[in-house]
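Heads up: the structure comes next, in structure tokens.
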DNA sequence: TAATTTTATTAAACTAGTTTAATTTTTAAA
DNA sequence: TTTAAAAATTAAACTAGTTTAATAAAATTA
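Protein chains in written order, with my numbering: chain A, 1 to 193; chain B, 194 to 386.
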């Protein structure tokens, strides 16, 4: 099930023959996470790149005042990690926590290097993953510079309806950069219209 | 002068022998820009990666209301481009404009591919450039989620004093995501203290 | 050097978003 | 199945940041 999903995800970008696909699959490890379990903690080194086959997770940091700020959510068919920590093997800035019981397929940095050597076109695949992460961030910065909280909320539920339905308003507020109280007010105002 | 600067920038990350350095330099083109000239416009395809040897530039977009939002500044010794447009050769989302008379060294996408073939370690160098751009963006998102305009202003002038001195307050406000009026008020308040 | 345009300052009225606190609803645990 | 804990709602007082407009200062251009 999960294997099928990850292969389909990859073949959106690169073509694999049976041998290549089998070799790739042999490098993967399945991990299950209970709700509230951590895949990564701030200060740990992010040793794997992770593909979600089931569940929902969040990537967040905690600031000096103890407030949580969510930089991304991930659901089925998404890749999730602290990309910078993974690429450079420095301690992570972020926590990654399961918001539901989840299942992920993991590939370690070492196995990824072996994969690049044997099947170089995977370099292309992971470069595309990095580029997509980059552009998603760039769009988010632009959104912050140009949109109100209401506009950002409406954009999020339009763009990611399947995530919006699964997460609590508290989590969504921490993603949007507003208080849960204000999000509740926004929603009431929008419903009234 | 400029050649020396770019080689020094690169050898911070990878070692080059004379032949490799010479080949790299042979692929570069010098471009001079008068103040207010554009290196790139929204909708153009970003065909070069650009290293600044003199001057100061800004990368910005214009939203539906006509407001300008600056995503980065660049000065001597920095690389500047619309990285996503360059990598994928799709139309750019951003304008890149000289804020002072400037000089840049350019390498086209085609020449970069030739360089990767002849001197593969440059792949490493440009991957690091992409990673650094990625983390800078990530930090900026976190800053937005967790800091007030005053904190962001103080952080900017501490982190980039050499840029803060060269740009107008109007430009800095468009970077911080506040109005020039409010930036002026902040500064007065801070001076009084 | 004067004239024009752009940038910065100040003030006052306004709006978006926060804080605190009390109450209700939902979820999780025993 | 009840109890406890966490999340969501509401209201009121507050604060950070915007808007508009007038004036001053600085930078460009003729």
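Glycine included, each C-beta is placed from N, C-alpha and C at the ideal position.
Asked: Since residue 285 (chain B) contacts residue 364 (chain B) with CB under 8 angstroms, what's their CB separation in whole angstroms?; Found: No, residue 285 (chain B) and residue 364 (chain B) are not in contact; Cβ-Cβ is about 20 angstroms, not under 8 angstroms.
Asked: Taking the straight line between their C-alpha atoms, what separation do you get for residue 192 (chain A) and residue 186 (chain A)?; Found: 10 angstroms
Asked: Determine the burial state of residue 229 (chain B): buried for a count of at least 16 other Cβ atoms within 10 Å of its Cβ, exposed for fewer.; Found: exposed
Asked: Distance check for residue 331 (chain B) and residue 340 (chain B), CA to CA, integer angstroms please.; Found: 14 angstroms
Asked: Measuring CB to CB, does residue 130 (chain A) end up less than 8 angstroms from residue 57 (chain A)?; Found: no
Asked: Do you know how far the Cα of residue 120 (chain A) is from the Cα of residue 359 (chain B)?; Found: 45 angstroms
Asked: Apart from the five residues just before and just after residue 350 (chain B), which ones in its own chain have a Cβ nearer than 7 angstroms to its Cβ?; Found: 357
Asked: Taking the beta strand (DSSP E) that residue 243 (chain B) falls in, what are its first and last residues?; Found: 241-247
Asked: Per DSSP, what kind of secondary structure is residue 19 (chain A) in: helix, strand or coil?; Found: helix
Asked: With a cut-off of 8 angstroms, do at least 3 Cβ pairs link the segment 237-247 of chain B to the segment 287-296 of chain B?; Found: yes
Asked: For residue 190 (chain A) and residue 86 (chain A), what's the separation of their Cα atoms in angstroms?; Found: 40 angstroms
Asked: Would you tell me roughly how many angstroms separate the C-alpha atoms of residue 317 (chain B) and residue 46 (chain A), rounded to the nearest one?; Found: 20 angstroms
Asked: Terminal residues of the continuous alpha helix (DSSP H) containing residue 110 (chain A)?; Found: 109-118
Asked: Short of 7 angstroms Cβ to Cβ, which residues in the segment 236-266 of chain B face chain A?; Found: 254, 256, 260, 262, 264
Asked: 8 angstroms is my cut-off, CB to CB: does residue 83 (chain A) come that close to chain B?; Found: yes
Asked: Should residue 252 (chain B) go down as buried or exposed, given a rule of 16 or more other Cβ atoms within 10 Å for buried?; Found: buried
Asked: List the whole-angstrom C-beta distance separating residue 176 (chain A) from residue 262 (chain B), where the pair is believed to meet the contact cut-off of C-beta under 8 angstroms.; Found: At roughly 18 angstroms, the Cβ-Cβ gap does not stay under 8 angstroms, so residue 176 (chain A) and residue 262 (chain B) are not in contact.
Asked: Can you give me the C-alpha to C-alpha distance between residue 381 (chain B) and residue 346 (chain B), rounded to a whole angstrom?; Found: 13 angstroms
Asked: Following the continuous beta strand (DSSP E) through residue 181 (chain A), name the residue where it begins and the one where it ends.; Found: Counting along the chain, residue 181 (chain A) falls outside any beta strand (DSSP E), though it belongs to the alpha helix (DSSP H) covering 180-192.
Asked: Return the first residue and the last residue of the beta strand (DSSP E) that residue 195 (chain B) is part of.; Found: Where residue 195 (chain B) is concerned, there is no enclosing beta strand (DSSP E), although the alpha helix (DSSP H) it sits in stretches over 195-204.
Asked: Give the range of the alpha helix (DSSP H) segment to which residue 261 (chain B) is assigned.; Found: Residue 261 (chain B) -> not in any alpha helix (DSSP H); beta strand (DSSP E) instead, spanning 261-268.
Asked: For the candidate residues A:112, A:180, A:73, whose alpha-carbon lies nearest to that of residue 161 (chain A)?; Found: A:73
Asked: By DSSP, does residue 103 (chain A) sit in helix, in strand, or in coil?; Found: strand
Asked: Flag residue 149 (chain A) as yes if its beta-carbon sits less than 8 angstroms from any beta-carbon of chain B, otherwise no.; Found: no
Asked: Quick check on the DSSP output: the alpha helix (DSSP H) that includes residue 149 (chain A) runs from which residue to which?; Found: 149-159
Asked: Could you tell me the alpha carbon to alpha carbon distance between residue 203 (chain B) and residue 327 (chain B), rounded to whole angstroms?; Found: 18 angstroms
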